[in-house]
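Residue numbers (my numbering): 5 to 312.
Everything below concerns the one structure shown next.
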């Protein structure tokens, strides 16, 4: 059985997982999504149920012979469909290619995805992710998502401290200030895109990794509103209450994740507020600084090795 590592070849986590999986399996292959269809081929035969992928390296694999896929990142397909080329052959080609690659990702055969297309969509559609997690009974910060300036101004006044961040992702969290919601600036910005405004939760950043039922949490101490920007942030392994461990497992299942990193804010009184769950979190720095064996857990899950 083969294992696929899907991600950009220059990405550190892609390289790491490829190298580590090769240590225990011979049939490990790399796949960049934007190589399809220019350098790779996908074939489906729904009469005889014979489906295959031919990779850029020349190897052809039956899709039923792919044991697991590690999804580091998805970089689209070879052509792009944009507003500028709508209706063009390039646009139609991109849509055909996306429909084909999504069919593989949602084929519902025995391949285990770390993580799946459905899980990836929850991450891209963060309002839907937040709503689903709230249904589980998890605490979430007071949140407004949209592009109605009066509602944003009302949220700013209602919250002791407010932050804002993209709805989709791709940029750091920032403090929301009076300058941001000044109509002269804000109306133009909100005509471009909606934003997420949240009440800032005083406390400590906690990131919980869940890999096939295994759970470990680290506290990240930082003075920055977004610890990812803080090179001086410290990290340490912490124990969370059993209720939070159970919530983390429940969130993982509800969002159709096989593994994830969940970001919380822990208050001084011990309450945990859910921020987001990432289907492809970075973890090499966590392993180096806390010795949580995330690589081993991932490989065990992907190859169904027994937990030790």
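Glycine included, each C-beta is placed from N, C-alpha and C at the ideal position.
Along the length of the stretch 231-291, whole beta strand (DSSP E) runs at least 3 residues long occupy 238-242, 263-270, 276-282, reported in chain order. The DSSP-derived three-state label of residue 5 is coil.
Judged by DSSP secondary structure, residue 160 falls within the alpha helix (DSSP H) whose first and last residues are 153-162. Annotation for residue 203: the continuous beta strand (DSSP E) segment containing it runs 199-203.
Where residue 134 is concerned, the enclosing alpha helix (DSSP H) starts and stops at 130-139. Residue state for residue 50 is assigned as coil, using DSSP reduced to three classes. Annotated three-state conformation of residue 45 is strand, per DSSP. Only residues of its own chain outside the window of five on either side were considered, and among them 207, 208, 210, 276 have a CB closer than 7 Å to the CB of residue 270, listed in chain order. In the displayed model, residue 298 falls within a helix according to three-state DSSP.
Per DSSP, the continuous alpha helix (DSSP H) segment holding residue 100 begins and ends at 93-109. The secondary-structure analysis by DSSP pairs residue 118 across a beta bridge with 74.
In the structure shown, residue 37 falls within a helical segment according to DSSP collapsed to helix, strand and coil.
Around the beta-carbon of residue 290, 16 or more other beta-carbon atoms lie within 10 Å, marking it buried. Counting C-beta atoms within 10 angstroms of its own C-beta, residue 133 has 16 or more neighbours from the protein chains shown and is therefore classed as buried. The DSSP-derived three-state label of residue 147 is strand. Taking residue 140 as the centre and dropping the five residues before and after it, the same chain places the C-beta of 251, 254, 255, 258 closer than 8 Å to its C-beta, in chain order.
Taking the Cα positions, residue 203 is about 7 Å away from residue 147. If you draw a straight line from the Cα of residue 145 to the Cα of residue 278, it comes to about 7 Å. When DSSP reads this structure, residue 22 sits in no beta bridge, so it has no partner. Shown here for residue 60: same chain residues with a beta carbon closer than 7 Å to its own, the five before and five after excluded, namely 39, 43, 44 in chain order.
Beta bridge pairing from DSSP links residue 214 with 219, 264. Take residue 118, set aside five residues on each side of it, and the residues of its chain with a beta-carbon closer than 8 Å to its own are 72, 73, 74, 75, 262, 263, 302, 305, 306, in chain order.
Burial of residue 130 is indicated by the presence of at least 16 other C-beta atoms within 10 angstroms of its C-beta.
Assigned with DSSP and collapsed to three states, residue 127 falls in helix. A residue is called buried when at least 16 other Cβ atoms come within 10 angstroms of its Cβ; residue 36 meets this threshold and is buried. Between residue 67 and residue 113, the gap from beta carbon to beta carbon is short of 8 Å. Secondary structure of residue 192 (DSSP, three-state): helix. Scanning 199, 125, 13 for the CA closest to the CA of residue 281 turns up 125.
Setting aside the 5 residues that flank it on each side, residue 110 is surrounded in the same chain by 121, each with a C-beta closer than 6 Å to its C-beta; the list follows chain order.
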